[in-house]
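Reading through the structure tokens given below for one structure.
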Amino acid sequence: MIQAEGLTKRYGETQALAGVDFSVPAGTILGLLGPNGAGKTTAVRVLTTLALPDSGRGTVAGIDVVKHPGEVRRHIGVAAQDATLDPLLTGRQNLVLVGELSDMGRAPARARATELLAQFELTDAADRVLKGYSGGMRRRLDLGAALMTRPPVLFLDEPTTGLDPTSRQRVWEAIRELLGEGVTVLLTTQYLEEADALAHRIVVVDHGKVIANGTPTELKEASRSARLEVSLAAPDTDGRAAGAMAPLVSGRVHVSEDGRRLSAGVDASPGLATAVVRALDAAGVLVDNIEVRQPSLDDVFFSLTGGHIEGEDEDEAIGSAGGAAAASAGGGGKSAERQELEGVRA
Amino acid sequence: MTTTTLTPTSVGLDRSRSGGSVFGALADIWAMTRRNLVHIAREPMQLSDVTIQPVLFTVLFVYIFGGAIALPGGGSYVNYLLAGILALNLVTSVMGTAVGLSTDLHEGMIDRFRTLPMWRSAVLVGRSMADLLTSLLCALIVGLTGLAVGWRPGANDISVLGGFALVIFFAYALTWIAACVGLNAKSPESAASFGFIVLFPLAFVSNAMVPTQHMPGWLQAVAEWNPVSAVCAGTRVLWGNPNPAGALHAWPMQHPIEASLIWSVVLIGLAAPLAAHFFRRRTTE
Ligand SMILES: Nc1ncnc2c1ncn2[C@@H]1O[C@H](COP(=O)(O)OP(=O)(O)OP(=O)(O)O)[C@@H](O)[C@H]1O
Ligand SMILES: [Mg+2]
């Protein structure tokens, strides 16, 4: 439904896209993931007819975005990264304007606007001028604007950035609902959590190139190494514990500042935890807690984009990618969401 | 993870008419016009430009200068002044077009428009339509205020309306120049400076407020060929009000109505296609 073939785009000195290929089959969500400046927005702008590629080809619903931009616009709904709404109009007026300019006719546009305002819990603010909206309210309205004509293809550029956890959940629900209706979605996000929860396939871009492409599971398997984390009863002052662990792990053992938390990358083999506990016991170290964590998409992401997770405190590493909010917001309910999602797909 | 193919169910384009038609373009222009009217109503500066300012200008000029200025050839100053006040108001309010378009381009909204299946130039035409409608409101206010402070046209109704139309048509032509400025301005603020650098001199170095006979020679020559002078003189003729410029030899002062119409047509003919070109350039990336 959406195709990008060898897209390139240069802005002055910056090669924003350096040959990007991906495709989104009808009725699926593709998560476009990448650090700041990776080229996500540029890819979306090319595919939504806002920017012309220097080379390569983009098609939406089989229509070439360069040759027939007007036709493409009849099939798409767009929620851009920076809210694209009229600050001097009310929420309702904004939606109705979008509807009218999409040839909906005034009455159907009004009805649809009312429906969307309710769906995104903006009914109370519907007749207030946008200047008085919070950032999150604007983003929700922007999403509403993208859905006005019930387009079969949606482009959502970081739709949940700046939303509080509740609003993010609501947007996720809305996206899943749309998926149930057969809509095709290209979603860009900084939050791996989000791509993991929503996307059928994930494409990771960096410096304008695709550096990984697969299902969330495939990507996680691709970087096999799990992470071993051990908490000690007393600080490992003499390096005994680290020494005992070293032969069992791959790479360096990282010791936390207080000396009580040890972590390292491992090849998850059967009985690994037992072996580690035995080795530590033999060295006379008291273990409080041991955990072998399967790789999260965060790990995959950082290893792919050359992020600096090695040797750094992990929470910090997540924070530096702007994902701290997502990590804490999504943390608790994640597994439940995943199940829900599987349900939708089954 | 299994991926099943989903067949579209409730997805369908909620569109009642096919785009690309003339009707579609007109509907887009109308939607954009209404949007811009809402803008003007919600921007205190722009709104006062077409409502309070005309009242203030009319009353102030009539009472402050009214007694001090003697017209060459005689006649009442109020009757002379009103055409000038109308031109002054409409010419300076054209600044709103430049600022409005520049703001549109600098806010994200333009990207929204560009992803919609609308006639893209409706952004431009809708803007100029809204400005035309506010010009009408402004003209009405100037006329009523004028009548209240003693302005009396000395011609039949058709001719008086023709006088209003002459100024409004010229102001409409100027909105296209303003559009070109707004489309090239680096920011809405720099678009606003266009008003002070171009529009105010244009409005004042003319016979709008005082007959050019009082001006130093070189300035008088500039003023006589200033389109605003032709517009004011033409309107005075159509309104049957005193027009001392009729005694001057410059061609536009001898044929003010023809001169105004030529100016307006030429300005639109040049500036409208140019604005469309700038707009296309600014919205291509
Ligand atoms: N209009 C533009 N003019 C100049 N450079 C641009 C323009 N748009 C994007 N770029 C550059 O192209 C590169 C890719 O930008 P892009 O916005 O696509 O990144 P992104 O992946 O969306 O980043 P983010 O996560 O911050 O939104 C960046 O280096 C950016 O500076
Ligand atoms: Mg971006």
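If you read the sequences in order, they're chains A and B. Heads up: the first sequence at position 340 corresponds to 339 in numbering that gives the first Met the number 0, and the numbers run straight through without jumps. Heads up: the second sequence at position 203 corresponds to 202 in numbering that gives the first Met the number 0, and the numbers run straight through without jumps. Glycine included, every Cβ here is placed at the ideal spot set by N, Cα and C.
(Q) Could you tell me the alpha carbon to alpha carbon distance between VAL166(B) and PHE112(B), rounded to whole angstroms? (A) 32 Å
(Q) Rounded to the nearest angstrom, what separates LEU115(A) and LEU186(A) at their Cα positions? (A) 20 Å
Q. Helix, strand or coil for SER259(B) per DSSP?
A. helix
Q.
Quick check on the DSSP output: what are the complete beta strand (DSSP E) runs of length 3 or more inside the stretch 123-158 of chain A, in order along the chain?
A. Segments of the beta strand (DSSP E) lying fully in the stretch 123-158 of chain A: 152-156.
Q: Examine ligand 2 and report whether any of its heavy atoms sits within less than 7 Å of the Cβ of THR114(B).
A: Because no heavy atom of ligand 2 lies under 7 Å away, the Cβ of THR114(B) does not count as near it: no.
(Q) Does the CB of ARG235(B) have a neighbour CB from chain C at under 8 Å? (A) The chain labelled as chain C is not found among the protein chains of the depicted structure, namely A and B.
Q.
Rounded to the nearest angstrom, what separates THR282(B) and VAL122(B) at their Cα positions?
A. It is roughly 11 Å from the alpha-carbon of THR282(B) to the alpha-carbon of VAL122(B).
Q: With a threshold of 16 other CB atoms inside 10 Å of the CB of ASN88(B), please say whether the residue is buried or exposed.
A: buried
Q: Thinking ALA97(B) and ALA177(B) are a contact (beta carbons under 8 Å), I'd like their distance in whole angstroms, please.
A: Sure, about 4 Å apart at Cβ, within 8 Å.
Q) Is the Cβ-Cβ distance between VAL284(A) and ALA245(A) less than 8 Å? A) no
**Q.** Proximal residues of chain A, C-beta to C-beta of ASP156(B) below 9 Å
**A.** Result: empty, since nearest Cβ-Cβ is about 36 Å, beyond 9 Å.
(Q) Please report the distance separating the alpha-carbon of ASP126(A) from that of GLY142(B). (A) 35 Å
Q: Check whether the Cβ of ASP85(A) lies closer than 8 Å to any Cβ atom in chain B.
A: Interface residue, yes.
(Q) Using a Cβ-Cβ cutoff of less than 6 Å, which residues in the same chain neighbour THR27(A) once the five nearest sequence positions on both sides are dropped? (A) HIS199
**Q.** Test: LEU162(A) CB closer than 8 Å to a CB of chain B
**A.** no
Q.
At the level of alpha carbons, what is the spacing between THR89(A) and GLU12(A)?
A. The alpha-carbon separation between THR89(A) and GLU12(A) amounts to approximately 40 Å.
(Q) Checking the sheet assignment: what are the DSSP bridge partners for LEU16(A)? (A) LYS8(A)
Q. In chain A, which residues lie less than 7 Å from ALA30(B) when you measure between Cβ atoms?
A. LEU96, GLU99 and LEU100
Q) Buried or exposed: VAL21(B), going by 16 or more other Cβ atoms within 10 Å of its Cβ? A) Classification for VAL21(B): exposed.
Q) By how many angstroms is the C-alpha of ASP237(A) removed from the C-alpha of ASN250(A)? A) The question names Asn, but residue 250(A) is Gly in the sequence shown. Annotation: GLY250(A) to ASP237(A) spans about 20 Å, alpha carbon to alpha carbon.
(Q) By the three-class DSSP mapping on this structure, what secondary structure does ASP287(A) have? (A) strand
Q.
I'd like to confirm the pairing. Which residues does DSSP put opposite ILE84(B) in its beta bridges?
A. BP columns for ILE84(B) are empty, so no partner.
Q.
With a threshold of 7 Å (Cβ to nearest heavy atom), would THR41(A) be considered close to ligand 1?
A. Yes; taking the cut-off as 7 Å, the Cβ of THR41(A) has a heavy atom of ligand 1 nearer than that.
Q: Determine, using beta carbons only, whether PHE112(B) comes closer than 8 Å to chain A.
A: Taking 8 Å as the threshold, the shortest C-beta distance from PHE112(B) to chain A falls below it.
Q: Return yes when the Cβ of GLY38(A) is within less than 8 Å of the Cβ of GLY18(A), no when it is not.
A: Contact flag unset, no.
Q: Classify GLU106(B) as helix, strand or coil using the three-state DSSP reduction.
A: coil
Q.
Looking at CYS231(B): is its Cβ nearer than 8 Å to the Cβ of ALA40(B)?
A. No, these two residues do not count as a Cβ contact at 8 Å.
Q: Report the option in ARG111(A), ALA110(A), ARG260(A) and GLN80(A) whose CA atom is closest to the CA atom of THR47(A).
A: GLN80(A)
**Q.** Three-state secondary structure assigned by DSSP to PHE168(B)
**A.** In the structure shown, PHE168(B) sits in a helix (DSSP, three-state: H, G or I).
Q | Integer Cβ distance of PHE21(A) from ALA50(A), believed to fall under 8 Å | A | About 17 Å; that fails the 8 Å criterion.
Q: Go through the stretch 44-76 of chain A residue by residue and report every complete run of the beta strand (DSSP E) that reaches 3 residues or more, in order.
A: Fully enclosed beta strand (DSSP E) runs of 3 or longer: 54-59.
Q.
Contact criterion: CB-CB distance below 8 Å. Does MET108(B) meet it with respect to chain A?
A. yes
(Q) For GLN92(A), would you say it is in contact with chain B, using Cβ-to-Cβ distances shorter than 8 Å as the test? (A) For GLN92(A), the nearest beta carbon of chain B is closer than 8 Å to its own beta carbon.
Q. So, is the C-beta of VAL184(A) closer than 8 Å to a C-beta in chain B?
A. no
Q.
I'd like the list of long-range same chain contacts for PHE119(A), defined as Cβ closer than 6 Å, with 5 residues on each side in sequence excluded.
A. ARG139 and GLY143
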